[in-house]
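Protein chains: 2
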Amino acid sequence: MPSMDELESRAWRGLIRVIELLPPALDAQMQRDSNLTHFEFMVLSMLRFAPDSTLRMTALAQGTNASLARLSHVCSRLEGRGLVERFDCPADRRATNVRLTAAGNEWVIAAAPGHFATARALVIDHLTPEQLASLAEITEALGLRLDPENRTLPAVESGTPTE
Amino acid sequence: MPSMDELESRAWRGLIRVIELLPPALDAQMQRDSNLTHFEFMVLSMLRFAPDSTLRMTALAQGTNASLARLSHVCSRLEGRGLVERFDCPADRRATNVRLTAAGNEWVIAAAPGHFATARALVIDHLTPEQLASLAEITEALGLRLDPENRTLPAVESGTPTE
DNA sequence: GAAGAATACTTGTAGCGTCAAGTATAACAC
DNA sequence: GTGTTATACTTGACGCTACAAGTATTCTTC
């Protein structure tokens with residue numbers, strides 16, 4: 117029977133706990149201070165640093181670890197609020213581009229400091245440089261394994277090796 | 117302007133990635149194999165190891181890192197499926213107790229192996245013992261900070277003894 | 001160059017979680 | 001005892017995400 121030893125169990129329960137508590141905490145701050153979801157903030161942030169503040173839906177979905185359906189809904193809302201705009205991609209007419217509007221740009225810029233402060237207050241400031249290095253290593257390893265359908269990383273290789 | 121250095125940024129992005137991807141992955145396996153949410157599985161598991169398979173709602177909420185409202189909804193569904201039953205707590209009539217039914221017990225027991233296998237396949241098997249130790253340390257530190265209203269840790273001070 | 005397959009989305013529906021409000025009991029103050 | 005406050009939930013409405021199905025292009029193969 118597959119059970120866990122003490123160390124494995126501690127790590128697992130700790131991870132689950134963080135996973136249950138961190139997202140609501142991030143959303144709460146964002147909602148309160150900027151009327152945004154944490155995910156919406158990520159979307160706007162990615163656009164902000166993209167060339168011409170524009171990305172294709174697929175690229176944006178990959179960059180934010182989200183499904184296309186989820187992103188589509190979110191973009192509809194953001195578009196309704198005037199923070200982004202969508203237009204057909206001239207190069208590939210199946211695709212649609214999303215661009216940050218001027219209003220959207222101002223909105224992210226205003227939201228960013230609070231977000232970084234929260235990231236520090238909730239996570240970064242409580243870890244030593246060694247722990248930060250471990251966390252980066254660990255989460256990068258897990259990220260590779262967790263991406264089920266190659267949604268989130270540019271498909272550098274053809275396949276994910278399965279057990 | 118509070119920004120992040122390279123190491124902080126890697127750790128943060130990695131953590132966010134895991135947080136976005138792991139919960140859906142856990143839910144997907146549970147849903148497919150046992151028709152349960154990962155959270156529902158946690159609820160049933162906690163009850164399974166509680167004395168008399170019974171816990172008060174508050175204790176159960178703390179143990180699963182959830183709000184009382186969320187737990188209440190979930191228990192209603194589980195009760196509807198006959199996996200748990202609720203009854204008034206004789207010691208404190210404000211409180212309600214939740215008990216695992218026989219059917220519920222069988223259901224968790226059947227679901228557990230698949231869950232542990234998934235935990236291994238997605239997380240544990242990809243980490244060295246040192247990384248597991250780091251992860252336990254890190255997540256426990258973060259967990260302490262993340263608990264907003266002291267919901268999730270047993271209130272050691274005021275004491276919530278069962279019955 | 002036409003059929004079939006793959007890609008890139010969009011949309012509708014259903015389910016789960018959060019928030020706000022409500023009820024009932026207990027504990028405390030005086 | 002009585003009034004006030006705190007605790008322990010429950011419930012209803014709303015928002016967000018997943019899933020499934022649908023549409024419109026592009027690619028591939030022959």
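As given, the protein sequences belong to chains A and B, one line each in that order. Residue 279, in this note's numbering, is where the first sequence stops; the numbers in between run on with no holes. Residue 279, in this note's numbering, is where the second sequence stops; the numbers in between run on with no holes. Backbone N, C-alpha and C define an ideal beta-carbon position, used for all residues, glycine too. None of the values given here were measured: they were computed from a predicted structure.
From residue i to residue j, what distance separates their C-alpha atoms?
| i | j | result |
| --- | --- | --- |
| T278 of chain A | A175 of chain A | Interpretation of T278 of chain A is limited by its pLDDT of 29, a score under 50 that renders its predicted location unreliable; no figure is taken from the coordinates. |
| G275 of chain B | D143 of chain B | Since pLDDT at G275 of chain B reaches only 27, below the 50 mark, its modelled position is unreliable, and the value read off the structure follows with that caveat. Rounded to the nearest angstrom, the two C-alpha atoms are 33 Å apart. |
| D168 of chain B | A226 of chain B | 19 Å |
| R183 of chain A | P139 of chain B | In the sequence as displayed, the identity of residue 183 of chain A is Ser instead of Arg. Looking at the two C-alpha atoms, the distance is approximately 14 Å. |
| A271 of chain B | A218 of chain A | Because the pLDDT at A271 of chain B is just 31, under 50, the model does not fix this residue reliably, and the value given afterwards should be weighed accordingly. Distance between the alpha carbons of A271 of chain B and A218 of chain A: 49 Å. |
| T268 of chain A | A211 of chain B | Summary for T268 of chain A: the model assigns pLDDT 42, below 50, so the residue's position carries little reliability; its value from the coordinates is reported in the next sentence. Near 45 Å, if we compare the C-alpha coordinates of A211 of chain B and T268 of chain A. |
| A207 of chain A | I135 of chain B | 34 Å |
| F203 of chain B | S161 of chain B | 19 Å |
| L248 of chain B | R172 of chain B | 32 Å |
| L187 of chain B | R209 of chain A | 46 Å |
| S150 of chain A | W223 of chain B | 43 Å |
| T244 of chain B | E124 of chain A | 10 Å |
| L199 of chain A | N221 of chain A | 7 Å |
| L262 of chain B | Q178 of chain B | 13 Å |
| L216 of chain A | R164 of chain A | 7 Å |
| L258 of chain A | R148 of chain A | 31 Å |
| S119 of chain A | F157 of chain A | 39 Å |
| F232 of chain B | T153 of chain B | 15 Å |
| T170 of chain A | R236 of chain B | 39 Å |
| N132 of chain B | V214 of chain B | Looking at the sequence provided, one finds Ile at residue 132 of chain B rather than Asn. The alpha-carbon atoms of I132 of chain B and V214 of chain B are separated by roughly 34 Å. |
| V159 of chain A | V190 of chain A | 9 Å |
| E256 of chain B | N181 of chain A | 25 Å |
| Q145 of chain A | T234 of chain B | 32 Å |
| E122 of chain B | E246 of chain A | 14 Å |
| A228 of chain A | E201 of chain A | 20 Å |
| A185 of chain B | A166 of chain B | 21 Å |
| C205 of chain A | A141 of chain B | 32 Å |
| F155 of chain A | F155 of chain B | 22 Å |
| G230 of chain A | L137 of chain A | 19 Å |
| L260 of chain B | L260 of chain A | 28 Å |
On the DSSP letters alone, give me the boundaries of the beta strand (DSSP E) that residue i sits inside.
| i | result |
| --- | --- |
| N213 of chain A | 212-216 |
| V200 of chain A | 200-204 |
For a contact defined as C-beta to C-beta under 8 Å, what are the partners of residue i on chain B?
| i | result |
| --- | --- |
| A227 of chain A | Result: empty, since nearest Cβ-Cβ is about 13 Å, beyond 8 Å. |
| L152 of chain A | Neighbours of L152 of chain A on chain B: none; closest Cβ ~15 Å, over 8 Å. |
Closer than 7 Å by beta-carbon distance: list the chain B residues that pair up with residue i, in chain order.
| i | result |
| --- | --- |
| L171 of chain A | In chain order: nothing, as chain B lies at least about 17 Å away. |
| D263 of chain A | L137 |
| E124 of chain A | I240, L248 |
Can you tell me where the alpha helix (DSSP H) holding residue i begins and where it ends?
| i | result |
| --- | --- |
| R261 of chain B | 245-262 |
Which chain A residues sit within Cβ distance under 9 Å of residue i?
| i | result |
| --- | --- |
| Q247 of chain B | A127, S250, E253, I254, A257 |
| L160 of chain B | Residues of chain A passing the Cβ test: none, with the nearest at roughly 15 Å. |
| A185 of chain B | Residues of chain A passing the Cβ test: none, with the nearest at roughly 13 Å. |
| G198 of chain B | Near G198 of chain B there are no residues of chain A at all, since even the closest Cβ is about 26 Å away, more than 9 Å. |
| L176 of chain B | The contacting residues do not exist; L176 of chain B stays about 14 Å from chain A at best. |
Which chain A residues are close to residue i, counting only those with a beta carbon under 8 Å from its beta carbon?
| i | result |
| --- | --- |
| M120 of chain B | F232, A235, I240 |
Just to make sure I have the definition right: I need the residues of chain A whose C-beta is within less than 7 Å of the C-beta of residue i. Which are they?
| i | result |
| --- | --- |
| R280 of chain B | Given a span of 117 to 279 for chain B in the structure shown, any question on residue 280 of chain B remains unanswerable. |
| L194 of chain B | By Cβ distance, chain A contributes nothing, its closest Cβ being about 18 Å from L194 of chain B, past 7 Å. |
| L216 of chain B | None at all; the shortest Cβ gap to chain A is about 20 Å. |
Counting only Cβ pairs nearer than 9 Å, list the residues of chain B close to residue i.
| i | result |
| --- | --- |
| L163 of chain A | What L163 of chain A touches in chain B: nothing, since even the nearest Cβ is about 17 Å away. |
| G220 of chain A | Result: empty, since nearest Cβ-Cβ is about 19 Å, beyond 9 Å. |
Contact the segment 127-134 of chain B vs the segment 238-258 of chain A: 3+ CB pairs below 8 Å: yes
Whole runs of the beta strand (DSSP E) within the segment 119-190 of chain A, excluding any shorter than 3 residues: 170-172
The segment 190-198 of chain A / the segment 252-259 of chain A touching (three or more Cβ pairs under 8 Å): no
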